[in-house]
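Residue numbers (this note's numbering): 891 to 1274.
Reviewing the structure listed below.
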Amino acid sequence: MNKELLIGGKSCASYGSNHLLPARTAEGAPDQYSAYEGASAPPFELMENGMKNTGDKSGQANQLALQEHEEFSPCQTELNTVYVSEQDIKEALLQYVSSKCFYRTAPAKHMKVQNLIPLNTYRYHLETFTEHRETHRASELYKGGFVDSCAVAPPPALWEIEVDPPPLFTDCEMHIPVPHTYSVEHCPNCKGRGRTECTSCNGTGKKTCSACNGSGTTDQADFNICSFCGGSGTVCCFMCGGNGWLKCYRCSGSGILLFHTELTITWKNNRTEHVVDKNSGFPVYRLQEVTGKGIFTDEHSLVYPIVNFPESSINEGSRACIEQHKMQFALESRILRQKQTVELVPVSKVEYEWKGKLHSFYVFGNEKKVYAKDYPGECCCTII
Ligand SMILES: [Zn+2]
Ligand SMILES: [Zn+2]
Ligand SMILES: [Zn+2]
C-alpha cells in the first residue's frame, strides 16, 4: 500500500497512510549533515552540492517516482473520501447554528441531505528554526575591581560562544555578556567630566525672574524693587542650584563607565503554509482554524523539496517555500532545523433541501467546523 515518497530525488518516507510516518533521511545526506547539527549558516550550499553530486541518480529516481505516480495514487483515493457521516454533519450544523444568536435551528434539525461532496485538500507546512546573533555595546556603572578586558584573553568570535539552545521550534531570546570585551571608558554623555550643562539655565546658573519678568521692579510708576529677585531681574536656577551644571545621570558623576559587548541570540520558528485551493467556493483561509490528518512529516537539519507527491501543487509549494526560507534566513541567520509536513484536511460540501430549495454548507477539519454562508434560518430581525 505504501509507496516511497521522494525528497530531492531520494527515498525518504512513505505516504498514503492516515498515520504520521517517520521520515528516513536521504541516502548519503545524513552523515554530511550531522556535522552541521545545531550550527552553521548557510549549509544550503551543501545541500545544493549534495544534489549536484547525486544528480544522475536523482534523475533516475525522479523517473521512477513518475512511473509509480502514474500507476498508483493512494492520496488521490483518500482525497475523494467523505470523512463525515450524515449524523456528524447534522450535529455540526446544529452546534454551529446554536452558537449564533439570530439563527433558527429548524432548518438544521429538519433538512434533507441531498449530496455529500468531498473537497478534501492538502496543506503543506514548512518550519525553519533559525538562530540569529547580533551584538551591541552595553554599559554599566563602574565600581572598581577586575576588568575582564581583551588583555586577559582574546574575545570569542560571535558564533563561538556556546549556549544551551531552547527546545527545537520554540521562539526564545537570550542576552549574554561576551567575555573579555570589558573596558573602562569615558562616559559618552558627559565626555568624562561627570557633569553636564544645565539645560534649564544653559549653564548660567540664573533664570529670568518670573515675578518681575526680568525688570527688577514690580510697579512701573513707583519703581518698587521686586522682592523676589532683589531688583536684579534674575533668580537662582532651581534645577542646578545656581552652579550651571548637573551631575551626569549616566555615570552618576564618576565620568567613567564599564563597557562590554552584549550578545543577543534570537531563536525563531518561521512557518510558511501552502494550501491547495480547489476554487470550490470554500474560503481556504478558514482552514487555519482547524487541524488535518498528518500524512507526511520530514525533519532534518535541512529538508529537500518534495518531488513526487500526487498533487503537483504540493511539490511546487514545497520547493517554493524551501527556496523562500533559504533566501530569507540563510544569509543573516543559521538554520538549525527544518520540518515539513503534509496534512490531508477534510472538507465536505453538503447540499441539502429545505422548504423545496437547495442550499449548501461546508464541514471542514478534524474539528468538524461549519462554514454556512447562505443558511436559510438566519433571522433578519434584531432585538425587539
Ligand atoms: Zn524679580
Ligand atoms: Zn541651571
Ligand atoms: Zn557621565
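Glycine included, each C-beta is placed from N, C-alpha and C at the ideal position.
- prompt: If you draw a straight line from the C-alpha of G1121 to the C-alpha of K1033, how long is it?
  reply: 47 angstroms
task: Express the C-alpha separation of P1055 and L1234 in angstroms, rounding to a whole number.
output: 32 angstroms
query: Does ligand 1 have a heavy atom nearer than 6 angstroms to the CB of F1118?
result: yes
message: In this structure, how does DSSP classify R1023 when only helix, strand and coil are distinguished?
response: strand
field: Any non-hydrogen atom of ligand 1 closer than 6 angstroms to A1041 Cβ
entry: no
query: Would you call the CB atoms of T1020 and F1219 closer than 7 angstroms?
result: yes
message: If we require 4 or more residues per run, which alpha helix (DSSP H) segments fall completely within the stretch 974-1025?
response: Runs found: 976-988, 996-1000.
task: Output the distance between the C-alpha atoms of C1119 and T1107, rounded to the nearest integer angstrom.
output: 9 angstroms
Assigned exposure category for H1026 - 16 Cβ within 10 Å defines buried: exposed
field: F1059 in three-state terms, based on DSSP
entry: coil
task: Would you grab the beta carbon distance between C1141 and N1103 for me? Rounded to a whole angstrom, and I think it's under 8 angstroms.
output: Not really, about 38 angstroms apart at Cβ, beyond 8 angstroms.
task: Measure the C-alpha to C-alpha separation of N1114 and T1124 and round it to an integer number of angstroms.
output: 16 angstroms
query: Unbroken beta strand (DSSP E) runs of length 3 or more, entirely within the stretch 1083-1162: which are they?
result: 1085-1087, 1096-1098, 1124-1126, 1135-1137
message: Just to be sure I understand the criterion: a residue counts if its Cβ is closer than 5 angstroms to at least one heavy atom of ligand 2. Which residues meet that?
response: C1088, S1090, C1091, C1127, M1129, C1130
- prompt: Regarding R1027 and ligand 3, is the C-beta to nearest heavy atom distance less than 6 angstroms?
  reply: no
message: According to DSSP, is Y1072 part of a helix, a strand, or is it coil?
response: coil
query: First and last residue of the alpha helix (DSSP H) that includes S1208?
result: 1202-1219
Reduced DSSP category for V1037 - H, G, I as helix; E, B as strand; rest coil: coil
field: heavy atom of ligand 1 below 6 angstroms from C1099 C-beta
entry: It does: the Cβ of C1099 is within 6 angstroms (strictly closer) of some heavy atom of ligand 1.
- request: Report yes or no: do three or more beta-carbon pairs, one from the stretch 1191-1208 and one from the stretch 1225-1232, lie closer than 8 angstroms?
  value: yes
- prompt: Would DSSP call E1052 helix, strand or coil?
  reply: coil
message: If I measure Cβ to Cβ from G1132 and keep anything under 8 angstroms in the same chain, skipping five residues before and after, which residues do I get?
response: So the list reads G1095, K1096, C1126, once near-sequence residues are dropped.
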